[in-house]
Amino acid sequence: MTVDLGSPRRTTPAPAPGDADLLGARLVPRRKPGQWISAALVLVLVALVLRSMVTNPHYQWDVVGHFFLRPSILDGLVLTLWLTAAVLLCGYLIGIVLAVMRLSDNPVLKSVSFVYVWLFRSVPPLVQLLFWFELSSLYPTLSLSIPGVKTFATVETAHLFTGILAAFVGLTLDVAAFAAEIVRGGLLAVDPGQAEAAKSLGLGKRRIFRRIVLPQAMPSIIPASGNLLIGMLKATSIVSVIAVQDLLYSVQLIYNQNYLIIPLLLVATIWYIILTTLLSIGQFFVERHYARGRDGGTTRGLWQVTRGNLPLRTRTRADLGGLA
4 MTVDLGSPRR TTPAPAPGDA DLLGARLVPR RKPGQWISAA LVLVLVALVL
54 RSMVTNPHYQ WDVVGHFFLR PSILDGLVLT LWLTAAVLLC GYLIGIVLAV
104 MRLSDNPVLK SVSFVYVWLF RSVPPLVQLL FWFELSSLYP TLSLSIPGVK
154 TFATVETAHL FTGILAAFVG LTLDVAAFAA EIVRGGLLAV DPGQAEAAKS
204 LGLGKRRIFR RIVLPQAMPS IIPASGNLLI GMLKATSIVS VIAVQDLLYS
254 VQLIYNQNYL IIPLLLVATI WYIILTTLLS IGQFFVERHY ARGRDGGTTR
304 GLWQVTRGNL PLRTRTRADL GGLA
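The number in our numbering is simply the position in the sequence shown, starting from 1, with 3 added.
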């Protein structure tokens with residue numbers, strides 16, 4: 004006689020009375036009275052500030068609207084945009100060269116790059132602008148010559164270094180120092196094993212840098228570069244001290260004649276807000292482009308990110324639902 008000693012059957016216990024109602028109950032987020040009270044206080048404060056800005060006659064919003072699109076203001080705006088783009092482009096070209104020099108094995112190149120970055124990051128941009136603007140005090144003339152043999156060309160620096168050229172040179176050299184550190188940090192963030200693996204496959208140095216190192220470094224470089232661009236846009240306002248007619252200086256020229264200081268400063272403020280907002284949106288899309296493949300294909304759009312950062316948006320239920 005044989006006895007069947009097979010595995011015992013698993014039986015599911017019968018649900019207790021009321022379990023079905025419990026399992027089908029709606030998830031309710033935890034009460035947060037402190038969060039709602041603080042949010043209400045912030046909203047009240049914001050409403051009071053907005054009411055003050057709208058009802059205070061000293062803001063003179065009609066004057067702001069009158070001067071907002073004046074040709075002189077728009078000319079200063081164009082110069083601000085041109086100066087920002089030119090300085091950032093040239094500054095990054097120099098910064099890339101400095102970053103490569105800093106990462107090289109040549110001690111001379113590495114030392115020169117280190118001293119350059121140390122010097123220009125230590126001197127305030129305004130001091131650099133004033134120095135370049137007053138360069139004729141140190142060097143009245145610049146000449147291209149063979150000493151003691153022949154002089155090919157001579158230029159008077161008082162005529163060469165105008166305000167806009169001094170602004171361009173000073174800001175470019177300043178941006179190059181910061182760009183060099185941004186690029187160097189992004190390249191160091193890439194695992195060296197990636198380049199070594201590519202070398203073992205027989206790839207050349209240029210192709211490794213272009214197809215492997217640089218794409219992985221860009222997600223680290225782009226956010227800092229975007230912040231530098233926005234900071235550069237605002238920093239161009241300091242060129243007004245050397246009479247370069249940018250956005251701020253154009254505003255100053257007008258309110259020095261009509262003494263409407265606050266409304267015209269609001270004109271410049273609104274334009275700076277508009278430009279920095281547009282640059283921030285552009286930075287978001289560039290970051291999302293280079294971040295592809297890092298988030299498992301769950302890249303969110305600009306509207307989703309904006310909604311996710313709203314302080315009054317409750318996401319508890321969605322988070323709990325994702326765990327179900």
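We put the CB at the ideal spot given by N, CA and C, even for glycine.
Original post:
What residue range is occupied by the uninterrupted beta strand (DSSP E) comprising Leu145?
Top reply: 144-149
**OP:** Return the chain-ordered list of same chain residues with a C-beta closer than 7 Å to the C-beta of His61, the five sequence neighbours on each side being excluded.
**Re:** Ile265
**OP:** Find the nearest neighbour of Glu137 within the set Glu290, Val244, Thr272, Thr280, judged by alpha-carbon distance.
**Re:** Val244
Original post:
Along the chain, where does the alpha helix (DSSP H) that runs through Glu199 open and close?
Top reply: 195-203
Original post:
Can you round the beta-carbon distance between Trp135 and Gly173 to whole angstroms, since I take them to be within the 8 Å contact cut?
Top reply: 5 Å
Original post:
So what does DSSP say about Glu159, is it helix, strand or coil?
Top reply: strand
**OP:** Would you mind giving the Cβ-Cβ distance between Val186 and Ala89, rounded to the nearest angstrom? I have them listed as a contact below 8 Å.
**Re:** About 19 Å; that fails the 8 Å criterion.
Original post:
Which parts of the region 248-300 are runs of the alpha helix (DSSP H), unbroken and 4 residues or longer, counting only runs that do not cross its ends?
Top reply: Within the region 248-300, the complete alpha helix (DSSP H) runs of at least 4 residues are 250-261, 264-293.
Subject >> Helix, strand or coil at Lys208 according to DSSP, with G and I counted as helix >> reply: helix
Original post:
According to the neighbour-count rule (16 or more other Cβ atoms, all chains shown, within 10 Å of its Cβ), is Phe164 buried or exposed?
Top reply: buried
Subject >> Terminal residues of the alpha helix (DSSP H) in which Pro226 lies >> reply: 217-238
Original post:
Who are the Cβ neighbours of Pro128 in its own chain at under 8 Å, not counting the five residues just before and after it?
Top reply: Taking Pro128 as the centre and dropping the five residues before and after it, the same chain places the C-beta of Gly173, Leu174, Asp177, Ala238, Ile241 closer than 8 Å to its C-beta, in chain order.
**OP:** Consult DSSP for Thr165 and reduce its assignment to one of helix, strand or coil.
**Re:** DSSP, reduced to helix, strand and coil, places Thr165 outside both helices and strands of the structure shown, so it counts as coil.
**OP:** Would you be able to state if there are at least three C-beta pairs under 8 Å between the region 48-66 and the region 251-270?
**Re:** Counting Cβ pairs under 8 Å, three or more are found: they touch.
Original post:
What residues are listed by DSSP as bridge partners for Thr87?
Top reply: Bridge partners of Thr87: none, in fact.
**OP:** State the Cα-Cα distance for the pair Thr83 and Leu236, rounded to the nearest angstrom.
**Re:** 7 Å
Original post:
Distance, Cα to Cα, Ala146 vs Ser75?
Top reply: For the record, residue 146 in the displayed sequence is Ser; it is not Ala. Rounded to whole angstroms, Ser146 to Ser75 spans 37 Å at the Cα level.
Original post:
The alpha helix (DSSP H) spanning Ala43 covers which residue range?
Top reply: 36-58
Subject >> Where Tyr62 sits in the DSSP three-state scheme >> reply: helix
Subject >> Host alpha helix (DSSP H) of Pro110 (start-end) >> reply: 110-125
Subject >> Opening and closing residue of the alpha helix (DSSP H) in which Leu354 lies >> reply: As shown, the chain starts at 4 and ends at 327. That puts residue 354 outside it, with no answer to give.
Subject >> CA nearest to the CA of Phe287, picked from Ser253, Gly229, Leu278 >> reply: Gly229
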